[in-house]
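Residue numbers (our numbering): 16 to 255.
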């Protein structure tokens, strides 16, 4: 599962084949006496190649009596495991390799840098988990961004101009599918349009999020409980 399918059908197959080849080399290398840290680097590289783009194992959402709460849930996100576990593990292996006289000394420096990713990643993940919910009620959306000092924003259905799936640049994965909401604030005239992008900070498949938001916007006269049931099914990737 990816944020945006921008590669051909051979892309995943080639990734998995190359990662499998690296894994098959592991027992051969260990039998030949290769140091443990090179085996760790080889395994981590295979995992990163096989992983590819963003993977969401299950949607991070919760249903209450009168709303659906979506948020970033790190234990359902493959990215969190890659950044918090796999990359620092490569750092440990690189540091050990750099301490050996037969290896370049710069490996130790690179290993320390990779291990330094872990505390920064943990802080970032926890901040998104605590600060980035999207609450969907039968008549309004309520959200808050990950930026420090950001406040809750409530967007009522009647103030929404449009909800559009949009592919935007992503510094990690190249491109990502997000949902752009154009809306009027409650105290503004119809010429003052604000926009907000949703997707990266929510553990929901981007296409399911876009479909759910569009369905919610177009269901002004639907029974509130039935509407939330239908939106929850769409967010979970089930037929509504």
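Think of the CB as a built atom: it goes at the ideal place given N, C-alpha and C, for glycine as much as any other residue.
Legend entry - Contact check, residue 229 vs residue 175, beta carbons under 8 angstroms: Taking the chain shown and counting its residues from 1, the one referred to as residue 229 is at position 214. Taking the chain shown and counting its residues from 1, the one referred to as residue 175 is at position 160. Their beta carbons are not under 8 angstroms apart, which means residue 229 does not touch residue 175 by this criterion.
Legend entry - Touching by the beta-carbon criterion (3+ pairs, under 8 angstroms), the stretch 218 to 232 and the stretch 118 to 129: no
Inset, instruction - With a threshold of 16 other CB atoms inside 10 Å of the CB of residue 17, please say whether the residue is buried or exposed. - result: Indexing the chain shown from 1 puts residue 17 at position 2. Bear in mind that the predicted position of residue 17 carries a pLDDT of just 39, short of 50, making it unreliable; the figure below should be weighed with that in mind. Result: buried.
Inset, instruction - Please name the residue, chosen from 41, 66, 241, 101, that lies closest to residue 154 on a Cα-to-Cα basis. - result: Locating residue 154 in the chain shown gives position 139, where the first residue counts as 1. With distances taken between Cα atoms, residue 154 lies closest to 241.
Legend entry - Identified DSSP bridge partners for residue 181: Indexing the chain shown from 1 puts residue 181 at position 166. According to DSSP, which records beta bridges pairwise, residue 181 is partnered with 193.
Inset, instruction - Going by DSSP, name the residue or residues bridged to residue 168. - result: Residue numbering aside, residue 168 sits at position 153 when the chain shown is read from its first letter. In the DSSP output, where bridge partners are listed per residue, residue 168 has 158.
Inset, instruction - Under 8 angstroms Cβ to Cβ from residue 146, same chain only, skipping five residues before and after it: list those, please. - result: Walking along the chain shown from the start, residue 146 turns up at place 131. Same-chain partners within the cutoff: 159, 160, 161, 165.
Inset, instruction - Mind checking who residue 85 pairs with in its DSSP beta bridge? - result: The sequence position of residue 85 within the chain shown is 70, counting from 1. According to DSSP, which records beta bridges pairwise, residue 85 is partnered with 76, 149.
Inset, instruction - Please list, in chain order, all residues of the same chain as residue 217 whose beta carbon is under 8 angstroms from its beta carbon, the five residues on each side excluded. - result: On the chain shown, residue 217 is found 202 positions in, with the first residue counted as 1. Hits under 8 angstroms: 75, 85, 86, 87, 147, 149, 224.
Inset, instruction - Identify, in the order they occur along the chain, each residue of the same chain with its Cβ nearer than 8 angstroms to the Cβ of residue 55, setting aside the five sequence neighbours on each side. - result: For this step, residue 55 is matched to residue 40 along the chain shown. Hits under 8 angstroms: 104, 105, 107, 108.
Legend entry - residue 194 vs residue 213 beta-carbon contact at 8 angstroms: Residue mapping note: residue 194 aligns to position 179 of the chain shown, counting from 1. Residue mapping note: residue 213 aligns to position 198 of the chain shown, counting from 1. Result yes, Cβ atoms of residue 194 and residue 213 sit closer than 8 angstroms.
Legend entry - As assigned by DSSP and simplified to three states, the class of residue 229: As a working note, residue 229 is residue 214 in the chain shown. In the structure shown, residue 229 sits in a helix (DSSP, three-state: H, G or I).
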